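Q: From first to last, the protein sequence lines are chains A and B.
Take the first sequence: its position 87, counted from the start at 1, is 87 in this note's numbering, and no numbers get skipped.
If you count the second sequence from 1, you need to add 1000 to reach this note's numbering.
Glycine included, C-beta positions come from ideal geometry on N, C-alpha and C.
Note that the structure is a prediction, hence the values are computed from the model and not measured.
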Amino acid sequence: MIDPEPDSPEHAEPTLPQALTDDLATLYRADLSVPGELDEAVLTTARAHFARQRRRRLILRWAPLAAAAAAVILLAIPALQSVRTQARRAAPPDLAVRPEDIDRNGRVDILDAFTLARQLEAGAAAEPGWDVNYDGDVDGADVDAIAMLAVRINGG
Amino acid sequence: MSVSDPRSDQELIAAANAGDAAAFAAIYERYRDWAVRLAYRFTGSRDDALEVMQDAFLYLLRKFPGFRLSARLTTFLYPVIRNLALSRRRKKAPASVADDALLLLPAAEPDHAASTKADLAAVLAVLPDAQREVLLMRFVDGMALAEIAEALEIPVGTVKSRVHHALRTLRDDERTKRYFAP
């Protein structure tokens, strides 16, 4: 349909005689009652919808914090491992000073037993600390004692 | 169902956007009966009208959160109900109903003893669908011309023109001209 000219009578605000308005209302405004079950179905769906929205909002609110916490943990694990490694490298003084650590590498292992055995075979002068079983002599018994200790330390 | 909520539509929509289910219930309560009557106009079946009304409110529900109302809620709901009703009619009787044919049925059978209303119903029945639709939107639903234009996505001038032609038919027809007698 073509728009009428702006100044045509069609642009006047339409009015209706009251009797005609009333009869139109009577014809078209019948009371179509809505069953209570239908109301309940719509409103139950609405409640579920808004409950889902609330949950989603909660998740969105806490997700950045959870992600930040996870990131901190992920970043902290390698850092802690690094610190532990550095600490292990830099400070095994309790093992370093042990008399069983014949080669002074900070660990007591089977190589200390071999080192002592080779020293004894070569007739090298024994150091007082090598008497690890405290029997007054530095000999094969000390080699065995170191070997036993190395196995216990490294092998569990 | 709660008692009538005093909040405006905009306030209820803002509350529903914030997650208030009771606000949506108040909107439903406010427009439910109008929606059923409107759906009945297009479907001619009480059961279909109830289902269309339900679908329309579920459609509205899915708009939350984030629903923004730029006009009256009736302006938003009218095309939703109209399209749902026509779609339902098309599914039920695809061969006999043209895509854009509007039933726009009266909700009450006119009492033939009251011949005035019967005559009115008869004259309305022969009005073109487009004219009858805007006439009912304006004088039964109480929608402003601008709201009708927005709901139907047509210029306001077209709405005025259709109303004008509908009224002229009513005024000129022997069966209804008595309404306009001084």
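#1: Could you tell me the distance, in whole angstroms, from the CA atom of arginine 1175 of chain B to the CA atom of alanine 1016 of chain B?
#2: Residue range of the alpha helix (DSSP H) that threonine 1176 of chain B falls in?
#3: Taking only three categories from DSSP, how would you classify valine 34 of chain A?
#4: Are there 16 or more other CB atoms within 10 angstroms of the CB of lysine 1117 of chain B, so buried, or fewer, so exposed?
#5: Does the distance from the C-beta atom of threonine 1158 of chain B to that of arginine 1089 of chain B stay below 8 Å?
#6: Closer than 9 Å by beta-carbon distance: list the chain B residues that pair up with proline 78 of chain A, in chain order.
#7: For chain B, is any of its Cβ atoms less than 8 Å away from the one on isoleucine 41 of chain A?
#8: Closest Cβ-Cβ distance between leucine 16 of chain A and chain B: below 8 Å?
#9: Where proline 1065 of chain B and arginine 29 of chain A are concerned, what is the direct C-alpha to C-alpha distance, given to the nearest angstrom?
#10: Listing by chain order, which chain B residues have their CB less than 7 Å from the CB of alanine 63 of chain A?
#11: Which class does arginine 29 of chain A belong to by DSSP, given the choice of helix, strand or coil?
#12: Could you spell out where the alpha helix (DSSP H) holding valine 1052 of chain B opens and where it closes?
#13: Within its chain, find whatever has a CB closer than 6 Å to the CB of aspartate 1055 of chain B; leave out the 5 residues flanking it on each side and keep chain order.
#14: Once DSSP output is grouped into helix, strand and coil, what is the label at threonine 15 of chain A?
#15: Less than 6 Å between C-beta atoms, sequence neighbours within five positions excluded: which residues of the same chain meet that for phenylalanine 1180 of chain B?
#16: Compare the C-alpha of lysine 1092 of chain B against each of B/Gly1142, B/Ser1004 and B/Ser1045 and name the closest.
#17: Which residues bound the alpha helix (DSSP H) around asparagine 1083 of chain B?
#18: Taking three-plus beta-carbon pairs below 8 Å as touching, is the region 121-138 of chain A in contact with the region 1023-1037 of chain B?
#19: Taking 8 Å as the CB-CB limit, is alanine 1121 of chain B close to chain A?
#20: Note down, in chain order, all residues in the region 1039-1057 of chain B with a beta-carbon under 8 Å from any beta-carbon belonging to chain A.
#21: Once you ignore the five residues that flank valine 132 of chain A on each side, which residues in its own chain have a CB closer than 7 Å to its CB?
#22: Would you say isoleucine 102 of chain A and leucine 120 of chain A are within 8 Å of each other, going by their C-beta atoms?
#23: From what residue to what residue does the alpha helix (DSSP H) around tryptophan 1034 of chain B run?
#24: Does DSSP classify arginine 1068 of chain B as helix, strand or coil?
A: Here's the rundown:
#1: As a first step, residue 1175 of chain B must be located in the second sequence, where it is residue number 175. As a first step, residue 1016 of chain B must be located in the second sequence, where it is residue number 16. Cα to Cα, arginine 1175 of chain B sits roughly 48 Å from alanine 1016 of chain B.
#2: On the second sequence, residue 1176 of chain B is found 176 positions in, with the first residue counted as 1. Element bounds for threonine 1176 of chain B: n/a, residue is neither H nor E.
#3: In the first sequence, residue 34 of chain A corresponds to position 34, counting from 1. DSSP places valine 34 of chain A in coil when its eight states are reduced to three.
#4: For the purposes of this step, residue 1117 of chain B is identified with residue 117 of the second sequence, where counting begins at 1. Per the 10 Å Cβ criterion, buried.
#5: For the purposes of this step, residue 1158 of chain B is identified with residue 158 of the second sequence, where counting begins at 1. For the purposes of this step, residue 1089 of chain B is identified with residue 89 of the second sequence, where counting begins at 1. No, the Cβ-Cβ distance between threonine 1158 of chain B and arginine 1089 of chain B is not below 8 Å.
#6: By 1-based counting over the first sequence, the position of residue 78 of chain A is 78. Those within 9 Å of proline 78 of chain A in chain B number zero; the least Cβ separation is about 41 Å.
#7: As a working note, residue 41 of chain A is residue 41 in the first sequence. The amino acid at residue 41 of chain A is misidentified as isoleucine; the sequence shows alanine. Yes, contact with chain B.
#8: Here residue 16 of chain A refers to the residue found at position 16 when the first sequence is read from its first residue. Yes, leucine 16 of chain A counts as interfacial toward chain B.
#9: Translated into the one-based positions of the second sequence, residue 1065 of chain B becomes position 65. Translated into the one-based positions of the first sequence, residue 29 of chain A becomes position 29. Their Cα atoms are separated by approximately 32 Å.
#10: On the first sequence, residue 63 of chain A is found 63 positions in, with the first residue counted as 1. Those do not exist, as alanine 63 of chain A stays about 17 Å from chain B at its closest Cβ, beyond 7 Å.
#11: Within the first sequence, numbered from 1, the residue matching residue 29 of chain A stands at position 29. Note: arginine 29 of chain A maps to coil in three-state DSSP.
#12: The sequence position of residue 1052 of chain B within the second sequence is 52, counting from 1. Per DSSP, valine 1052 of chain B belongs to the alpha helix (DSSP H) from 1046-1062.
#13: On the second sequence, position 55 is the one that residue 1055 of chain B refers to. The answer, listed in chain order, is Leu1084.
#14: By one-based count along the first sequence, residue 15 of chain A stands at place 15. Note: threonine 15 of chain A maps to coil in three-state DSSP.
#15: Working through the second sequence from its first residue, we reach residue 1180 of chain B at position 180. Cβ within range, chain order: Arg1171.
#16: By 1-based counting over the second sequence, the position of residue 1092 of chain B is 92. With distances taken between Cα atoms, lysine 1092 of chain B lies closest to B/Ser1045.
#17: Taking the second sequence and counting its residues from 1, one reaches residue 1083 of chain B at position 83. 1073-1092 is the extent of the alpha helix (DSSP H) around asparagine 1083 of chain B.
#18: no
#19: As a working mapping, residue 1121 of chain B is identified with position 121 in the second sequence. By this cut-off, alanine 1121 of chain B is an interface position.
#20: Tyr1040, Arg1041, Arg1046, Ala1049, Leu1050, Met1053, Gln1054 and Phe1057
#21: By 1-based counting over the first sequence, the position of residue 132 of chain A is 132. Excluding sequence neighbours, valine 132 of chain A sits near Pro99, Glu100, Asp142, Ala145 and Ile146.
#22: In the first sequence, counting from the first residue as 1, residue 102 of chain A sits at position 102. In the first sequence, counting from the first residue as 1, residue 120 of chain A sits at position 120. No, they are not a contact pair.
#23: As a working note, residue 1034 of chain B is residue 34 in the second sequence. Per DSSP, tryptophan 1034 of chain B belongs to the alpha helix (DSSP H) from 1021-1043.
#24: Position 68 of the second sequence, counted from the start, is the residue given in the question as residue 1068 of chain B. Note: arginine 1068 of chain B maps to coil in three-state DSSP.
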